[in-house]
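Chemist: Just add 112 to wherever you are in the sequence shown, counting from 1, and you've got the working numbering.
By construction, the Cβ of each residue, glycine as well, lies at the ideal position given by its N, Cα and C atoms.
On a predicted model such as this, the values are computed, not experimentally measured, just so you know.
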Amino acid sequence: MKFTVFTPKTKPLLGVDIGTTFIKAVLLAPIDQHWECRGVACELIPSQAFTERDIVDFDSVSNTLKKIMMKLKLKHQPTVIAVSGTSVLSKVIQMPLDLDEQHLEEQIEIEADSLIPYPLDEVYWDFETLGATVNQTDKADVLLTAAHRQLVDNRMTLAREAGMLPKIVDTELDALENLALAQYTDTDSSLEQVMIHIGNELMHIVVTQANTVTYSKEHQFGLQHFTQDIALTMRLDEQTVLQQLSAGTLDTQWQQQVLPIFHAQLQQHILRALQLMQNLLNNELPTSIHLCGGVAMLPNIAESLTAEMGITFTLVDPFAHISIHPAVMTEQLVAAKPLLCVATGLAMRSEQHGAH
113 MKFTVFTPKT KPLLGVDIGT TFIKAVLLAP IDQHWECRGV ACELIPSQAF TERDIVDFDS
173 VSNTLKKIMM KLKLKHQPTV IAVSGTSVLS KVIQMPLDLD EQHLEEQIEI EADSLIPYPL
233 DEVYWDFETL GATVNQTDKA DVLLTAAHRQ LVDNRMTLAR EAGMLPKIVD TELDALENLA
293 LAQYTDTDSS LEQVMIHIGN ELMHIVVTQA NTVTYSKEHQ FGLQHFTQDI ALTMRLDEQT
353 VLQQLSAGTL DTQWQQQVLP IFHAQLQQHI LRALQLMQNL LNNELPTSIH LCGGVAMLPN
413 IAESLTAEMG ITFTLVDPFA HISIHPAVMT EQLVAAKPLL CVATGLAMRS EQHGAH
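(1) Would you kindly check if the distance between the Cβ of Asn-395 and the Cβ of Glu-304 is under 9 Å?
(2) Could you check which residue in Arg-384, Glu-350 and Ile-413 has the C-alpha nearest to that of Pro-372?
(3) Between Asn-323 and Leu-293, what straight-line distance do the alpha-carbon atoms span, to the nearest angstrom?
(4) Per DSSP, Met-315 is paired with what?
(5) Rounding to the nearest angstrom, what Cα-Cα distance links Ser-196 and Leu-393 in this structure?
(6) Who are the near neighbours of Ala-455 in its chain, counting only those whose CB is closer than 6 Å to its CB and skipping five residues on each side?
(7) Could you check if Leu-314 belongs to the surroundings of the ligand GDP, using beta carbon to heavy atom distance under 8 Å?
(8) Using a 10 Å radius around the Cβ and a threshold of 16 neighbouring Cβ atoms, would you call Asp-144 buried or exposed?
(9) So who's on the other strand from Gly-243, going by DSSP bridges?
(10) Specify, as a first and last residue, the run of the beta strand (DSSP E) that His-402 falls within.
(11) Given a threshold of 16 other Cβ atoms within 10 Å of its Cβ, counted over all protein chains shown, does Met-315 qualify as buried or as exposed?
(12) Give the DSSP bridge partners of Leu-126, in chain order.
(13) Hey, quick one: how far does the beta strand (DSSP E) through Glu-148 stretch, first residue to last?
(14) Which term fits Asp-225, buried or exposed, when burial requires 16 or more other beta carbons within 10 angstroms of its beta carbon?
(15) Cα separation between Lys-123 and Leu-186?
(16) When the distance is taken between beta carbons, is Thr-426 closer than 9 Å to Leu-397?
(17) Starting from the Cα of Glu-273, find the closest Cα among Thr-198, Val-318 and Val-173 and give me that residue.
(18) Would a check of beta-carbon distances place Thr-176 closer than 9 Å to chain C?
(19) Alpha carbons only, please: which of Pro-158, Met-268 and Leu-451 is nearest the one belonging to Val-353?
(20) Can you look up Ala-471 in the DSSP assignment and give me helix, strand or coil?
(21) My guess is that His-437 and Cys-154 are in contact by the Cβ rule of under 8 Å, so how many angstroms apart are they, rounded?
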């Protein structure tokens, strides 16, 4: 994971999380070895703008990004954006420890050609040395990340059209790793910390211990079908459901008719993800989990999961160790906190580390 270095040249970065239902943005500035939040924004995207993770209605996404910039009163702002989904590949590979950077890159390109299921001229790829391989003193773990060019180029173009200056393209999983490391650095480093982020289509799980990411994985599960079920039950369109859910104005009958079914599905998917993690790490199931993403907006979700699964769930506050500028509207910040974790992790990146 890339740690941000605080220097006099470290500039404020805008983290922009382009989801399939909302675009979320967080502006962070480095102040005396810590972060200060100078702006947040969260805007609903018109429905049918995406097919899975691919943008199909560019005008809707572009207009929503422009709304974000207008709300934040920004122009030409250095920005970090993210990609995720099936068009993004991340894999840890082992490389000889004694290779210099040039030879390491050459060797990784050879490996990438065999590991990436697209011609290399159709993808952007990058790598990051994670450290020595456990039980192999002559090897280093290297994280190889690749994303389809069209996926990246589309987001870069839309960001530029909105007045942003995209400096880094990261992955959503990397952003959550950034946030997890920042959140739990000051806690007992021997304790395992498990963060689960559930958005509209994807579930991410990140595990940290001793200030290191020990496990991270993306799963195909989210709130999309839940929202569709509410729309069918309430005889509303999905856009109206999302608007009223986020505003807290949706009639509560969905909580009796739809929510219990989703709770059962949610528990199953979380348990499967934890069992997969448990098998790979050879650990016990965690006793506590930090929950974030759109799922954290559901009423009493942490208390319900705690009671039903026997694991203590708490909601992530991405600004727990971040000071808030007086100009930031506290009411808006509190309402959107669970949705802002990816955007916050993106804004914690540093230009010194280059870009994917």
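Modeler: To lay it out plainly:
(1) yes
(2) Ile-413
(3) 6 Å
(4) Residue pairing by DSSP places Met-315 opposite Ile-310 and His-331 in a beta bridge.
(5) Distance between the alpha carbons of Ser-196 and Leu-393: 24 Å.
(6) Gly-127, Asp-129, Lys-136, Ala-137 and Val-138
(7) This structure does not include the ligand GDP; it has no bound ligands of any sort.
(8) exposed
(9) Asp-253
(10) 400–404
(11) buried
(12) Beta-bridge annotation (DSSP): Leu-126 is paired with Leu-139 and Thr-191.
(13) 146–156
(14) Around the C-beta of Asp-225, fewer than 16 other C-beta atoms lie within 10 Å, and the residue is accordingly described as exposed.
(15) 14 Å
(16) no
(17) Val-173
(18) Given the protein chain composition of this structure (a single chain), no chain C is represented.
(19) Pro-158
(20) The shown model of the chain, from 113 to 468, leaves out residue 471, and the question about it has no answer.
(21) Going by Cβ atoms, the distance from His-437 to Cys-154 rounds to 17 Å, so no, they are not a contact pair.
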